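Scroll down for the structure; my scribbles are underneath it.
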Amino acid sequence: MITKDMIIGDVINEHPDLVRTFFANGMMCIGCPASQGESIEQAALVHGLDADQLTAALNDALA
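With the first letter of the sequence shown counted as 1, position 57 gets the number 87 in the numbering used here; the numbers rise by one all the way through.
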């Protein structure tokens, strides 16, 4: 299960197929250095996205 406090880089390393879901939800900076230490919630705030919606989409993609 993906939670909004998880680090984006860790999520991508464990589930590389979720890159598409990040992109589809407006998170285009997956390869940037900040993603290696930034939580989903932190990145969502920076990009004006809803962390709960993004997390739900990621978990739906895993199902």
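Where a beta carbon is used, it is the ideal one built from N, C-alpha and C, also for glycine. Note that this is a predicted model, so its numbers are computed, not measured.
Which residue marks the beginning of the alpha helix (DSSP H) containing residue i, and which one marks its end?
i	result
glutamate 71	70 to 76
alanine 54	49 to 54
I'd like the list of long-range same chain contacts for residue i, defined as Cβ closer than 7 angstroms, with 5 residues on each side in sequence excluded.
i	result
leucine 48	Val41, Ile42, Leu88, Ala91
glutamate 71	Lys34, Asp35, Ala81
Can you tell me which of the three DSSP states residue i falls into?
i	result
isoleucine 37	strand
aspartate 80	coil
isoleucine 32	coil
isoleucine 60	coil
Ordered along the chain, which non-local residues of its own chain (more than five positions away) have a Cβ less than 6 angstroms from that of residue i?
i	result
glycine 39	Ser65, Gln66
leucine 79	Gly56
Would you kindly work out how many angstroms separate the C-alpha atoms of residue i and residue j, rounded to a whole number?
i	j	result
alanine 93	methionine 31	9 angstroms
asparagine 55	histidine 45	16 angstroms
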